[in-house]
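S.K.:
Rendered as structure tokens:
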């Protein structure tokens, strides 16, 4: 019983960690795309000037 409970806890931890990693990856991707958009806008502004 204890072994199965322990494995269940570890599985839950893995699920939480993988979900957290996915959230972090999504956050990084959105931040990166936002920054590249900002840079593109700045470049367009410079070329316009």
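Numbering (my numbering), first residue to last: 39 to 87.
Glycine is no exception: its CB is placed at the ideal position from the N, C-alpha and C atoms.
1. Would you report the Cα separation of residue 48 and residue 64, rounded to the nearest angstrom?
2. State the Cα-Cα distance for the pair residue 85 and residue 68, rounded to the nearest angstrom.
3. Rounded to a whole number of angstroms, what is the C-alpha to C-alpha distance between residue 40 and residue 78?
M.R.: So, from the data block:
1. Numbered from 1 along the chain shown, position 10 holds the residue referred to as residue 48. Numbered from 1 along the chain shown, position 26 holds the residue referred to as residue 64. Taking the straight line from one Cα to the other gives about 24 Å.
2. Counted from its first residue, the chain shown places residue 85 at position 47. Counted from its first residue, the chain shown places residue 68 at position 30. Each residue's Cα considered, the two are about 26 Å apart.
3. For the purposes of this step, residue 40 is taken as the residue at position 2 of the chain shown. For the purposes of this step, residue 78 is taken as the residue at position 40 of the chain shown. Going by the C-alpha atoms only, they are around 57 Å apart.
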